[in-house]
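The structure under discussion appears below in the form of structure tokens.
Residue numbers (the numbering used here): 26 to 113.
Next up, the structure:
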């Protein structure tokens, strides 16, 4: 039991395949903030296309239940770029 817990704690251990896999390089390490934002928009557009095609992307909510990503995204409160104190 202890050895198994150590394997799970190992970041190279893939619990889905049961294998120890080589470490992967961070693909976004050399990107600027603008490039990262561009990539995030591309991913968001891909999720929208999936939803339009009938496939519904799901995520796990705080209760551990699957919910549509759109529902969870609607519940997220993002800070606005212009706060009320900036309007003076």
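Here a beta-carbon is modelled for each residue, glycine too, at the ideal position from N, C-alpha and C.
{"Asked": "So if DSSP puts residue 45 in a beta bridge, which residue, or which two residues, is it bridged to?", "Found": "38"}
{"Asked": "Hey, would you say residue 53 sits closer than 7 Å to residue 44, going by beta carbons?", "Found": "no"}
{"Asked": "By how many angstroms is the C-alpha of residue 91 removed from the C-alpha of residue 39?", "Found": "22 Å"}
{"Asked": "What is the DSSP secondary structure of residue 92, counted as helix, strand or coil?", "Found": "strand"}
{"Asked": "Return the CA-CA distance between residue 71 and residue 95, expressed in angstroms with no decimal places.", "Found": "13 Å"}
{"Asked": "What's the C-alpha gap between residue 42 and residue 86?", "Found": "24 Å"}
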